[in-house]
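For reference, the structure discussed in these notes is given below.
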Amino acid sequence: MGRKEDNIKRATALFTKLGQIRNIGTAAHIDHGKTTLSDNLIFGAGMMSEDLAGKQLMLDFDEQESARGITINAANASMVHNHKGEDYLINLIDTPGHVDFGGDVTRAMRALDGVIIVVCAVEGIMPQTETVIRQALKEKVKPVLFINKVDRLIAELQVTPDDMMQRFGKIITEVNKLISRMVPDEFKKDWMVDAQAGTVAFGSAYHNWATSIPFMAKKNVNFKQIYDFMEKEQRKELAQAAPLHEVLLDMIVEKLPPASVSQKYRIPHIWRGEADEDIGQAMVNADPNGDAAFMVTKVVLDPHAGEIAVGRLFSGTIKKGDQMYVAGMPSANRVQSVGMFVGADRISTENVTAGNIIAVSGLRDAISGSTISSNPEMTPFERIVHNSDPVVTTAIEAKHTKDLPKLVEVLRAVSKADPSIQIDSNLETGEHLMSGMGELHLEITEYRIKNEHGVEITTSPPIVVYRETVAMQSPGEFEG
Ligand code: GDP
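In terms of our numbering, the sequence shown is numbered consecutively and its last residue is 482.
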């Protein structure tokens, strides 16, 4: 059996083992190395073929994305990691690092229980670091810290071991300052990051190594030895002595909660139905036998399967042919296929069960943010609050009159896939106003309309508008 087939077998064997699943993400200021980290974790865990690896960033599959070198859409991938003789399934969601895509980050957080906050050792805390920490804590997603690009401290700044320790200390203190300002009271003590406790790792995603205090103790290496490897530029030796994936995947398994633990405190926070309702109980216990409760965090277009709703299944089991209700829509949708992620591939499965990141086709009424249930009466999940509302607007027209009806369709599809895009159409004049989170966001959406949907358009220069904040659905800790 090939390595890939073997991984599929190991991953599928874990789908129902709640305690052995971690749903996690990475989040960072742009360019701090989140994509490099995700890519090398997946490679290190053996979840991608050798020829795909190298410097190709597999999560950056979007053509636009690699052209610009930033991650635009939260992508999904999963890894199997053996820890102390036991296999674990780690579902990883790569979140965008650019401020224009804040909406995608917030939605991705809803599906997660833990997040690796990546901070560049040279730049330190940047504005977007603060934003992603806030977004995680608002969703009760537990953070751990990875200090990246440590190689640059020596290669460019020639810092001494003492200086290096001080820099790490400063970053940890600043991260904890941010955490303590925003953390829910119940986690004030446990969710601070702490090098001794093993919730901090440092290293170089690019050179494929990382270490942490518990890892150094386990392998009987000390900081001085790590520093010497760096100083002598013995990168291969360092990656062998302190492999990135082993250190980080161990940290994920040991320090970030499984769904069976996290759903107990996350459900009352993201869902305001009656706690003693059956579905509430099913979600708190991540019960595969309860009603299905599925939160869609993303809708992706597949050239063969059409629209695919991706997100977190909090309770129940979904299989082909099931009738599902999309909150707010009058009639049921019939499930056409279900699947999960193994490596970066989506694979079809017979059914999908509670506690996992899943992919479902056939839910034609679903948009990013939808609540989907087998129970038509289910109270929807809390609205996902975005940090910013669309602020930049451009007027769009079809270049050729024959494309007028197609453009209406395409704009509908675009706003469905990305709810941070708002469309106001004047069907009489054929003019459409498209609003997004920033100029880059609009530019990329225009690129998609032209290149992915094949409609030639003309656009006006973007106008910045200031909108009033959308009213909140319910008061309380969700505001902000
Ligand atoms: P993202 O925007 O957070 O996803 O960042 P990327 O993963 O795209 O990385 C941004 C740039 O930093 C790329 O040119 C990477 O090659 C580089 N980079 C990432 N990690 C490291 C590292 O550990 N050391 C060095 N020197 N460069 C890195």
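Virtual Cβ for every residue (Gly too), placed ideally from N, Cα, C.
C-beta contact flag for residue i and residue j at 8 Å
i    : j    : result
G318 : A277 : no
P259 : K144 : yes
R154 : V124 : yes
A29  : V117 : yes
V344 : K321 : no
Q325 : G364 : no
H209 : Q130 : no
A219 : L246 : no
A295 : A244 : no
S370 : V301 : yes
N358 : L315 : yes
L240 : A47  : no
A288 : I44  : no
V120 : L180 : no
L139 : G27  : no
D293 : S375 : yes
T396 : P290 : no
V255 : F217 : no
I281 : M184 : no
Own chain residues within Cβ distance below 8 Å of residue i, not counting five before or after
i    : result
T447 : V416, D420, I423, M436, G438
K233 : Correcting the residue identity first, residue 233 is Glu in this sequence and not Lys. Counting only Cβ-Cβ distances below 8 Å, and skipping sequence neighbours, we find I156.
F170 : A123, I149, A197, V202, F204
A13  : S80, V82, L91, M342, V344
L16  : Q22, I23, V82, D89, Y90, L91
K221 : A243, A244
V152 : A123, M166, F204, G205, S206, M232
First and last residue of the uninterrupted alpha helix (DSSP H) at residue i
i    : result
E445 : 441-453
R154 : 152-157
S262 : 261-272
T133 : 129-140
S40  : 36-46
T175 : 163-184
S417 : 406-419
A241 : 237-243
I228 : 225-233
A219 : 215-221
L250 : 246-257
I281 : 280-286
Endpoints, beta strand (DSSP E) assigned at residue i
i    : result
R24  : 23-30
F204 : 202-206
I359 : 359-363
I459 : 459-461
Same chain only: Cβ atoms within 6 Å of residue i, ignoring 5 sequence neighbours per side
i    : result
S372 : V298, V328
I310 : V302, D304, A361, S363
I10  : V344
L59  : Residue placement at L59 is flagged as unreliable, the pLDDT there being 47, under the threshold of 50; the coordinate-derived value follows with that caveat. Excluding positions up to five away in sequence, the list reads T37, D41.
Q236 : none
R2   : Past the edges of the chain, shown from 3 to 482, lies residue 2, and the structure says nothing about it.
Paired residues, beta bridge with residue i - DSSP
i    : result
M326 : N335
K300 : V312
V82  : L91
H434 : I398, S427
D347 : V344
I149 : V121, F204
A295 : S317, S375
G116 : I26, K144
N353 : K321
W193 : Paired residue(s): none; W193 is not in a bridge.
G383 : In the sequence as presented, Gly is not what sits at residue 383; that position holds Phe. F383 is bridged to W273.
I10  : Answer by DSSP bridge pairing: none, since I10 is not bridged.
V466 : V394
Beta-carbon proximity list for residue i, same chain, < 7 Å, skipping 5 on both sides
i    : result
N178 : M194, V195
V466 : V393, V394
E399 : G432, E433, I459, T460
K19  : none
L286 : Before going on, a small fix: residue 286 reads as Val here, not Leu. Cβ neighbours of V286 beyond the five flanking positions: Q265, K266, I269.
L406 : A400, G432
M128 : H31
E132 : L180
A368 : V298, V301, A311, V328, I374
Ligand 2 heavy atom lying under 7 Å from the CB of residue i
i    : result
S214 : Ligand 2 is not among the ligands present in this structure, which contains only ligand 1.
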